[in-house]
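Reminder that position 124 of the sequence shown reads as 124 in the UniProt record's numbering, one-by-one numbering, no gaps.
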Amino acid sequence: MLHLGEKVVVVTDTFEQNLPVGDYGYIIAYDRNPDNAFDYVIRIPKANRNFFVPAGDIEPEETLLQQEAERIGREALIDYALATHNEKLFFQVMNGEELPVPEEPLTDKSTQADFVKQINLRAWI
């Protein structure tokens, strides 16, 4: 459920009521009537009107921005994979697989001790 005053964007016009698709608005009320198909009342400043809308017709602005950022990142990875002829990365991005996250090297106590020993030897020489 969206909060009052939340900024939303109109994404569809299910009931063909001439909603300005693509414009933003603010939720000003909930429609709690169970016999009504509409869930929210939104105010669209550009149209200078209030509209009754179902929940499927609007999306929070944050969600749309996040989806757009993910799409742009995916396109950038595809362009990079094509430019570098990286076939493995290209197929991972195109198939929607998770990209491997580089793991931090495991720090072993013996390797740290050997490293300190080598530093001390070089400092002594």
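Ideal Cβ positions, reconstructed from N, Cα and C, are used throughout, including at glycine.
Just so you know, these numbers come straight off a predicted model, no measurement behind them.
What residue range is occupied by the uninterrupted beta strand (DSSP E) comprising residue i?
| i | result |
| --- | --- |
| Glu7 | A small fix is needed here, since residue 7 is Lys in this sequence, not Glu. Counting along the chain, the beta strand (DSSP E) containing Lys7 begins and ends at Lys7 to Val10. |
| Asn95 | No beta strand (DSSP E) holds Asn95; the alpha helix (DSSP H) holding it covers Glu87 to Asn95. |
Since residue i is in the alpha helix (DSSP H), which residue starts that stretch and which ends it?
| i | result |
| --- | --- |
| Gly73 | Glu61 to Ala83 |
Tell me the DSSP secondary structure of residue i in three-state form.
| i | result |
| --- | --- |
| Asn33 | coil |
| Gln17 | coil |
| Leu121 | helix |
| Ala47 | coil |
How many Å lie between residue i and residue j at the Cα?
| i | j | result |
| --- | --- | --- |
| Phe90 | Ile72 | 15 Å |
| Thr84 | Glu68 | 24 Å |
| Tyr26 | Tyr80 | 39 Å |
| Asp57 | Pro20 | 11 Å |
| Asp31 | Arg74 | 38 Å |
| Asp114 | Leu121 | 10 Å |
| Gln17 | Glu6 | 22 Å |
| Asn33 | Met1 | 15 Å |
For a quick check, are the C-beta atoms of residue i and residue j less than 9 Å apart?
| i | j | result |
| --- | --- | --- |
| Tyr24 | Val41 | no |
| Leu4 | Ile28 | yes |
| Asp39 | Pro60 | no |
| Phe15 | Ala37 | yes |
Spell out the partners DSSP gives residue i in its beta bridges.
| i | result |
| --- | --- |
| Phe52 | Val41 |
| Gly22 | Per DSSP, none; premise fails for Gly22. |
| Ile27 | Ile42 |
| Ile58 | Val10 |
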